[in-house]
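In the numbering used here, the protein residues as written are 361 to 555.
Dropping the structure here:
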């Protein structure tokens with residue numbers, strides 16, 4: 361290999377690995393050494409490929425947003441009913457907790473809290489993520505209305521934002537130590553509020 365030639369690596373996998381570190385630790389608590397170890401990159405390769413920790417974080421947020429939106433859209437399309445999809449999404453928070461020693465929450469919402477509006481680029485990415493997630497839930501609410509499970513008189517936009525807020529709150533409660541059973545009960549109350 362000639363000097364100065366960049367080391368080849370799987371960019372998508374490196375972003376996925378970095379995203380997991382940021383998701384688990386947050387932006388501020390994540391060091392460059394943490395990222396280099398997770399991504400299996402040298403410092404020079406890191407800077408050549410991603411520019412800075414901040415730029416990588418923004419890339420990870422965009423990656424998370426795309427990935428989650430695709431997963432949610434596919435889950436809605438595959439669900440036997442929109443209500444089944446909404447139940448799965450709300451109750452899924454409790455199921456996620458059973459598989460994790462330390463619940464991570466949602467990377468988009470964690471970032472909203474960590475940055476608290478002090479970084480316009482992050483605020484824009486957070487707003488895009490919330491908008492995308494709300495869009496999937498809006499489609500689910502509209503489908504549930506067509507299926508007769510949610511009254512047609514209810515605002516699909518408001519209910520979609522309600523679901524996003526509820527899931528965000530449930531994930532925060534898990535991080536604060538709420539039991540999966542408590543989360544399931546709250547999820548059922550939230551489902552009832554949609555009808």
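Using N, Cα and C, we set each Cβ at its ideal position, and we do this for glycine too.
Under a three-way DSSP split, which group does residue i fall into?
{"i": "residue 478", "result": "coil"}
{"i": "residue 537", "result": "coil"}
{"i": "residue 514", "result": "coil"}
{"i": "residue 409", "result": "helix"}
{"i": "residue 387", "result": "coil"}
{"i": "residue 452", "result": "helix"}
{"i": "residue 495", "result": "helix"}
{"i": "residue 531", "result": "helix"}
{"i": "residue 465", "result": "coil"}
With a cut-off of 8 Å on the beta carbons, I'd call residue i and residue j a contact; round off their distance for me.
{"i": "residue 543", "j": "residue 551", "result": "Residue 543 to residue 551, Cβ: 13 Å. No contact."}
{"i": "residue 388", "j": "residue 474", "result": "7 Å"}
{"i": "residue 510", "j": "residue 436", "result": "With a Cβ gap of about 14 Å, residue 510 and residue 436 do not count as contacting."}
{"i": "residue 359", "j": "residue 498", "result": "Because the chain here runs from 361 to 555, residue 359 falls outside it and cannot be looked at."}
Tell me the rounded alpha-carbon separation between residue i and residue j.
{"i": "residue 370", "j": "residue 391", "result": "21 Å"}
{"i": "residue 489", "j": "residue 507", "result": "27 Å"}
{"i": "residue 501", "j": "residue 398", "result": "39 Å"}
{"i": "residue 555", "j": "residue 521", "result": "15 Å"}
{"i": "residue 440", "j": "residue 431", "result": "16 Å"}
{"i": "residue 539", "j": "residue 526", "result": "16 Å"}
{"i": "residue 420", "j": "residue 450", "result": "24 Å"}
{"i": "residue 503", "j": "residue 447", "result": "14 Å"}
{"i": "residue 344", "j": "residue 553", "result": "For residue 344 there is no data in the structure shown, the boundaries of the chain being 361 and 555."}
{"i": "residue 402", "j": "residue 410", "result": "12 Å"}
Does the beta-carbon distance from residue i to residue j come in below 7 Å?
{"i": "residue 453", "j": "residue 494", "result": "no"}
{"i": "residue 556", "j": "residue 467", "result": "The structure shown does not extend to residue 556, since the chain spans only 361 to 555, so no value can be given for it."}
{"i": "residue 479", "j": "residue 429", "result": "no"}
Compare the Cα-Cα distances from residue i to each of the options and report the closest residue.
{"i": "residue 302", "options": "554, 374, 531", "result": "With the chain covering 361 to 555 only, the question about residue 302 has no answer from this structure."}
{"i": "residue 537", "options": "518, 465, 510, 491", "result": "465"}
{"i": "residue 413", "options": "545, 482, 527, 514", "result": "482"}
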